[in-house]
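Chemist: Structure provided below as C-alpha cells; questions to follow.
In my numbering, the protein residues as written are 3 to 298.
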C-alpha cells in the first residue's frame with residue numbers, strides 16, 4: 003500500500019528524518035510512534051507532499067505518489083485547520099467535494115456523519131462556535147468522508163471524551179474492514195495496542211523498533227510478574243528485588259532471573275495466593291526503548 007524507503011529530511015543541518023523505511027499493508031492500522039520531536043509529523047508531511055524529502059522514496063501501490071493520488075487519501079493533522087467563519091455542514095460538504103464527491107453524495111454523507119457524531123444540531127453553526135472536541139470530530143469526518151484508501155490520523159483522540167474516542171475506534175475498525183489502510187500517530191499507547199497491527203517507533207528521526215506488534219511484545223526481554231500474597235511487606239525486606247515494587251499483599255515488576263527460584267524465596271517468607279506473568283505494555287516498551295537510547 004504505502005512504502006517509505008530510506009527517506010531523509012534535513013532542516014538547517016538538523017536531521018529530522020534519518021533514512022526512515024517502513025511499509026503498510028492494505029486494510030491494516032499502522033502505528034507511527036515516537037516522543038516529541040522524533041520526526042513523526044515531518045514524516046507525515048512528506049507523505050502528504052506538504053514538504054519533500056531530501057532523499058529516499060515514498061510510493062503508493064508501488065508507484066511514486068502523484069497529485070491525483072491524494073483524492074484517495076484522508077488526512078487529519080494534529081493542528082486544527084478549519085475555516086472558522088464557515089458553517090459546519092457547509093465546511094464538510096465543501097471539503098468533501100474537493101475530494102471528488104458529487105454535491106448529492108457530499109450532502110448525504112455529511113448528514114450521516116453529523117448524525118453519528120451527534121453534531122446535527124450544530125450543522126448551521128459557524129466552526130468558531132464549536133468546542134475543541136466538536137471541531138476535532140469535524141476534522142475526523144472530513145478525513146474519512148470520501149472513503150479513502152489511505153487515512154493518516156495525527157493525534158485523532160485529542161480533546162475527545164471516552165464516548166467519542168470509542169466511536170472513532172469503531173469507525174477505524176469499519177474502515178479496516180472495507181480495505182482502508184490507517185496510519186495512526188498518537189502518544190496514547192493504549193489506543194495503539196487496541197487498534198494497530200504493526201508499528202514503527204522512531205526517535206531522533208531513526209527507526210528503533212519496527213514490526214508486528216504482537217511479535218514485538220512476545221520478544222520483548224522484560225517480562226512483568228505480579229504476585230499476590232498474604233502477609234506484610236516487611237517480611238520480604240531481606241529479599242533483593244530491585245526491579246520489583248513491593249506493597250502489602252502484592253509484588254509487581256520486571257522478572258529477572260529464574261521464576262521458580264524467586265517463588266521459592268518468597269514462599270519461605272509469606273503465603274503466595276496467586277501469581278501471573280504479564281504481557282509487557284506498549285507504554286513500558288516505549289519508555290524503555292527511548293530511555294535506553296538516551297542513556298546509551
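The C-beta atom is built at its ideal place from N, Cα and C for all residues, glycine as well.
1. Please say whether residue 281 and residue 229 have beta carbons closer to each other than 9 angstroms?
2. Examine the Cβ distances between the region 144 to 158 and the region 65 to 83 and report whether three or more of them are shorter than 8 angstroms.
3. Is any heavy atom of the ligand ADP found at a distance shorter than 8 angstroms from the C-beta of residue 37?
4. So the alpha helix (DSSP H) residue 264 belongs to, where does it begin and stop?
5. Let me know if residue 164 comes out buried or exposed under the rule of 16 or more other beta-carbons within 10 Å of its beta-carbon.
6. Measure the C-alpha to C-alpha separation of residue 206 and residue 175 and round it to an integer number of angstroms.
7. Sorted by chain position, which residues of the same chain lie with C-beta nearer than 7 angstroms to residue 292's C-beta, five sequence neighbours on each side aside?
8. Report the residue from 90, 83 and 100 whose alpha carbon sits nearest the alpha carbon of residue 69.
9. Per the DSSP calculation, residue 158 is bridged to which residue(s)?
10. Whole angstroms are fine: how far does the CA of residue 227 sit from the CA of residue 106?
11. To the nearest angstrom, how far is the alpha carbon of residue 298 from that of residue 29?
12. Quick one: give me the first and last residue of the alpha helix (DSSP H) that residue 219 is part of.
13. In the DSSP assignment, what residue or residues form a beta bridge with residue 299?
14. With respect to the beta strand (DSSP E) encompassing residue 280, which residues constitute its N-terminal and C-terminal limits?
15. Quick test of your reading: residue 265 and residue 274, contact by CB under 8 angstroms. State the CB separation rounded to the nearest angstrom.
16. Using the Cα positions of residue 52 and residue 33, report the straight-line distance between them to the nearest angstrom.
17. Fully enclosed by the region 48 to 136, which beta strand (DSSP E) runs are 3 residues long or longer?
18. Smallest Cα separation from residue 48: which of 5, 63, 259 and 15?
19. Measuring alpha carbon to alpha carbon, tell me which of 193, 172 and 153 ends up nearest residue 182.
20. Helix, strand or coil for residue 298? Go by DSSP, reduced to three states.
21. Excluding the 5 residues preceding and the 5 following residue 136 in the sequence, name in chain order all residues of the same chain whose CB lies nearer than 7 angstroms to its CB.
22. From residue 284 to residue 219, what does the alpha carbon distance come to, in whole angstroms?
Modeler: According to the structure shown:
1. Judged by their CB atoms, residue 229 and residue 281 are not nearer to each other than the 9 angstroms cut-off.
2. In short, these stretches touch, since the Cβ pair count reaches three.
3. What this structure holds is no ligand at all, so the ligand ADP is not there to describe.
4. Per DSSP, residue 264 belongs to the alpha helix (DSSP H) from 261 to 269.
5. So residue 164 counts as exposed.
6. Their backbone Cα atoms lie some 31 angstroms apart in a straight line.
7. Result list for residue 292: 37 and 205, in chain order.
8. Comparing C-alpha distances from residue 69 to each of 90, 83 and 100 shows the shortest one belongs to 100.
9. None; residue 158 has no bridge partner.
10. Approximately 57 angstroms between the Cα atoms of the pair.
11. Residue confidence for residue 298 is low, a pLDDT of 47 falling below 50, so the modelled location carries little weight; the figure read from the coordinates is stated next. Between residue 298 and residue 29, the C-alpha separation is close to 37 angstroms.
12. Per DSSP, residue 219 belongs to the alpha helix (DSSP H) from 215 to 221.
13. Any answer about residue 299 is impossible in this case: the structure gives the chain only from 3 up to 298.
14. Taken as a continuous stretch (DSSP letters only), the beta strand (DSSP E) holding residue 280 covers 273 to 280.
15. With a contact defined as Cβ atoms closer than 8 angstroms, residue 265 and residue 274 qualify at about 7 angstroms.
16. CA-to-CA, the gap between residue 52 and residue 33 works out to about 21 angstroms.
17. 57 to 62 and 75 to 78, all fully within the region 48 to 136.
18. Ranking the options by Cα distance to residue 48, first place goes to 5.
19. Ranking the options by Cα distance to residue 182, first place goes to 153.
20. Summary for residue 298: the model assigns pLDDT 47, below 50, so the residue's position carries little reliability, and this model does not support an answer.
21. Contacts found: 121 and 124.
22. Using only the alpha carbons, I get a separation of about 7 angstroms.
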